[in-house]
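Presented below is the structure to which this report refers.
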Amino acid sequence: PDRVWITPAHGALEIHWTETDGKTGGYHVYRREGKEIIRLTATPLAHPPFVDQGAKKGATYSYAVSAVSAQADHKEGLLSKWIEVRNLITE
Numbered sequence: 001p002d003r004v005w006i007t008p009a010h011g012a013l014e015i016h017w018t019e020t021d022g023k024t025g026g027y028h029v030y031r032r033e034g035k036e037i038i039r040l041t042a043t044p045l046a047h048p049p050f051v052d053q054g055a056k057k058g059a060t061y062s063y064a065v066s067a068v069s070a071q072a073d074h075k076e077g078l079l080s081k082w083i084e085v086r087n088l089i090t091e
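Take 1 as the starting number for the sequence shown in the working numbering and just add one per residue.
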């Protein structure tokens, strides 16, 4: 996805992105905290947003999204730019 943005959502963070063409089989969302990167989605999401319920108040995170091919191989594309958020959760 070309554009990724984050909004607060009742003690969590919502990760939004612009959807790519209709040939996408879904999207994976990644969170980086320090040097640790984890994929937050077990299976590809059909549409945005993704709600990160595990985000903690006062923490700094970066998020990125990748598109997954609709083909049988479900090949994952390149990650979007990392978007950093600090102290976005206020509840």
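By construction, the Cβ of each residue, glycine as well, lies at the ideal position given by its N, Cα and C atoms.
The structure displayed is predicted, hence computed values, not measured ones.
Check, Outcome
"Residue environment, residue 64, which counts as buried when at least 16 other CB atoms sit within 10 Å", "buried"
"Three-way DSSP call (helix, strand, coil) for residue 32 in this model", "strand"
"Residue burial classification, residue 31 (beta-carbon count within 10 angstroms, cutoff 16)", "buried"
"Residue 76 in three-state terms, based on DSSP", "strand"
"Whole-angstrom C-beta distance between residue 88 and residue 8, which should lie under 8 Å", "5 Å"
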